[in-house]
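Remarks on the structure that follows.
In our numbering, the protein residues as written are 199 to 805.
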């Protein structure tokens, strides 16, 4: 009994002490977590694009007139899936001025803005200055020749360590133990694409040329690129001796840091600077190591053929859209020499599966009088395609009539695509199914009164049923197929691909799974008219089963395909017919250009 009383007494004492502690010594709440932005210093536009919120280990950044703001604490506005997520990782001065969440407006070009738009930009800048910290500035990329790159090999301890992969220069100073002179991979100061692909440290492999590399080696290179691009800053590009000499001869055309010109000046000064013809500081491009497309074309004696298109390859996703394939170069050369009509005034051209955009950008640069050049890609690949187009626009290439927009092939053959995807066990073509729609102006989380007003106006227009695109509202008859000249390529208005009368429809190496072999012919049949010239460049005997299915589906869709080549050139060697199993055990792969048209409407290839 005494033991029970003693135990009860101990419990009562414990309860009493606990109550006294709660009353007289309350537990303090844990201190709130405080996010402290870190300075990133000078940063190129491509390096800035890594800070778009998809990597949770990186801060969320955006740039306004060259100043880089850390908007990590504004993730509800700028994080993935938010109303302004498109702004993250970009220079957005023009988009803020126009209060437009459009990728084509995400740049620092203030040319042509009204006084009201400049005032809107000033309001945005004051908002950012009050809420977020400036952590760096956008600077132009370095443009180094291979000889200049060699100066950053680590032999001079006062200089950083740089190496190049497929023309992009990375600062690997933090990895000097691996890539320095005494490292396991002494690649600093060199171009090392081939060496990475072949896991080689031989001198002969320290080049960008990937000729002869196997598919396994190319996959290995993609893995290296994803690893290096994610870990080390991208600081510039490798250029030819001629490009470097041209830059030195015209230094006023070189890009200058935004703050050097714009900081401390008025918005009017900024607008003048943006329109003075200089390459803007947010420019970052890579000269594509492509086969030479010389300007001595008998088909186009009046003006040279431009082929110095710059694209950034090997996206972090390492998709087929992250590389420019040989078929794109082959088709560009064929069009240059055999299709002079492509440069006629008022021509409209549509490219399917643009990928990096090299082919479409090259064609657009050589079609200054075209009504419209429209580049398309699956929805998941549009952002990177638009990124490359923006780089070339900022570099001053003539792309006034170029438009980029998504084209989901499943919309043109859902049954075939679904069956093919089920048979292959994978989706093949990208689809936006299951993803939330892109935010409209009405759905944007307004961060300023001006943005809220714009969103409200858009919502009111939508509620009133104003769903007709501006191009249609401008007078295009709803029952007729408008020519591309009736559309506005620069204004961000989506082109109605089905209702537009296309003069040319082009594509290169678009079949690499069963979904592609089924869908591509249906897309061509749906978008091409009787007078549309369809030019498709295809690598034969890469996938013999898919080759056979492709030509079978072309016939099912009422299309005929004929291989063509440049006038006066000898016919290409004959290949085994597309069938499976192949007629030969190991047929040679060959890149071929096909002219495709509606059945019974195609003239033969001239001899």
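Using N, Cα and C, we set each Cβ at its ideal position, and we do this for glycine too.
Check residue 214 in the structure and name its three-state DSSP category.
It is helical.
Applying the criterion that 16 or more other CB atoms from any shown protein chain within 10 Å of the CB defines a buried residue, is residue 729 buried or exposed?
Residue 729 counts as exposed, since fewer than 16 other C-beta atoms from the protein chains shown sit within 10 angstroms of its C-beta.
Can you find at least 3 beta carbon pairs, one from the stretch 755-763 and one from the stretch 717-735, that sit closer than 8 Å?
With the cut-off at 8 Å, the stretch 755-763 and the stretch 717-735 touch.
At what residues does the alpha helix (DSSP H) containing residue 375 begin and finish?
Element bounds for residue 375: 374-377.
If we ignore side chains and look at the alpha-carbon of each, how far apart do residue 569 and residue 597 end up?
Going from the Cα of residue 569 to the Cα of residue 597 covers about 11 Å.
Member of 541, 545, 556 and 503 whose CA lies at the smallest distance from the CA of residue 524:
Among 541, 545, 556 and 503, the Cα nearest to that of residue 524 belongs to 556.
With DSSP as the reference, identify every bridge partner of residue 538, one or two as the case may be.
As computed with DSSP, residue 538 is found in no beta bridge at all.
Collapsed DSSP secondary structure at residue 585 in the structure displayed:
When secondary structure is reduced to three states using DSSP, residue 585 falls in the helix class.
Nearest chain C C-beta to residue 768 closer than 7 Å, yes or no?
This model lacks chain C altogether, as it is built from one protein chain only.
Taking the CB atoms as reference points, tell me whether residue 792 and residue 734 lie closer together than 7 Å.
Cβ atoms of residue 792 and residue 734: closer than 7 Å.
Separation of residue 530 from residue 761, as counted between CA atoms
Straight through space, the alpha carbons of residue 530 and residue 761 are spaced by roughly 15 Å.
Which whole-angstrom value describes the C-beta separation of residue 806 and residue 342, a residue pair presumed to lie in contact below a C-beta threshold of 8 Å?
Lying before the first or after the last residue shown, residue 806 is absent from the chain, which here runs from 199 to 805.
Between the Cα of residue 282 and the Cα atoms of 292, 298, 267 and 268, which residue gives the shortest distance?
The candidate whose alpha carbon is nearest that of residue 282 is 298.
My parser needs the alpha helix (DSSP H) runs of 4 or more residues fully inside the stretch 314-388; what are they?
For the stretch 314-388, the continuous alpha helix (DSSP H) assignments of 4+ residues that do not extend past its boundaries occur at 344-347 and 374-377, in sequence order.
Let me know if residue 502 comes out buried or exposed under the rule of 16 or more other beta-carbons within 10 Å of its beta-carbon.
Exposed is the call here.
Would you check if there are 3 or more beta carbon pairs closer than 8 Å linking the stretch 373-381 to the stretch 349-363?
The stretch 373-381 vs the stretch 349-363: in contact.
Among residues of its own chain, excluding the 5 on either side of residue 671, which ones have a beta-carbon nearer than 6 Å to its beta-carbon?
With a pLDDT of 29 at residue 671, under the threshold of 50, the predicted position of this residue should be treated as unreliable, and no value is reported.
According to DSSP, is residue 765 helix, strand or coil?
Coil, per DSSP.
Local conformation of residue 733 per DSSP, three classes:
It is a strand residue.
Could you tell me the alpha carbon to alpha carbon distance between residue 275 and residue 588, rounded to whole angstroms?
Between residue 275 and residue 588, the C-alpha separation is close to 24 Å.
Would you mind sorting residue 586 into buried or exposed? The rule is 16 or more other CB atoms within 10 Å of its CB.
When all chains shown are included, residue 586 counts as buried.
Given the structure, does residue 319 come close to the ligand NAP, in the sense that its CB is under 6 Å from one of the ligand's heavy atoms?
Inclusion of the ligand NAP in the displayed structure is not the case, the ligand content being empty and no account of it being possible.
With a threshold of 16 other CB atoms inside 10 Å of the CB of residue 208, please say whether the residue is buried or exposed.
By the beta-carbon neighbour count (other beta carbons within 10 angstroms, threshold 16), residue 208 is exposed.
Count the CB pairs spanning the stretch 324-341 and the stretch 236-252 that are closer than 8 Å, and state whether there are at least three.
In this structure the stretch 324-341 touches the stretch 236-252; the number of beta carbon pairs closer than 8 Å is three or more.
By Cβ distance, which residues of its chain are closer than 6 Å to residue 431, with the 5 residues on each side in sequence left out?
245 and 369.
From the DSSP output, read off the bridge partner residues of residue 791.
Under DSSP, the beta-bridge partners assigned to residue 791 are 735 and 762.
Within the same chain, show all residues whose beta-carbon is closer than 6 Å to that of residue 415, passing over the 5 residues directly before and after it, in chain order.
Around residue 415: 395 and 396.
With residue 603 as the anchor, note down where its alpha helix (DSSP H) starts and where it stops.
Run containing residue 603: none in the alpha helix (DSSP H); it sits in the beta strand (DSSP E), 600-604.
If you count every other CB in all the chains shown that lies within 10 Å of the CB of residue 696, and 16 or more means buried, which is it?
Counting Cβ neighbours within 10 Å, residue 696 comes out exposed, since fewer than 16 surround it.
Between residue 391 and the rest of its own chain, which residues show a CB-CB distance below 6 Å, the 5 nearest in sequence each way excluded?
Contacts found: 363, 364 and 406.
Element boundaries [beta strand (DSSP E), containing residue 546]
From DSSP, the beta strand (DSSP E) with residue 546 extends over 546-549.
Would DSSP call residue 219 helix, strand or coil?
Residue 219 falls in the helix class under three-state DSSP.
With DSSP as the reference, please indicate the residues paired to residue 266 in a beta bridge.
Bridge partners of residue 266: 261 and 334.
Provide the residue(s) that pair with residue 702 in DSSP beta bridges, ordered along the chain.
By DSSP's assignment, residue 702 forms a beta bridge with 547 and 731.
Alpha carbons only, please: which of 386, 314 and 377 is nearest the one belonging to residue 347?
If we check each option's Cα against that of residue 347, 386 comes out closest.
Please work out which residues of its chain come closer than 6 Å, Cβ to Cβ, to residue 748, disregarding the five sequence neighbours upstream and downstream, and give them in chain order.
Taken in chain order, the residues that qualify are 709 and 715.
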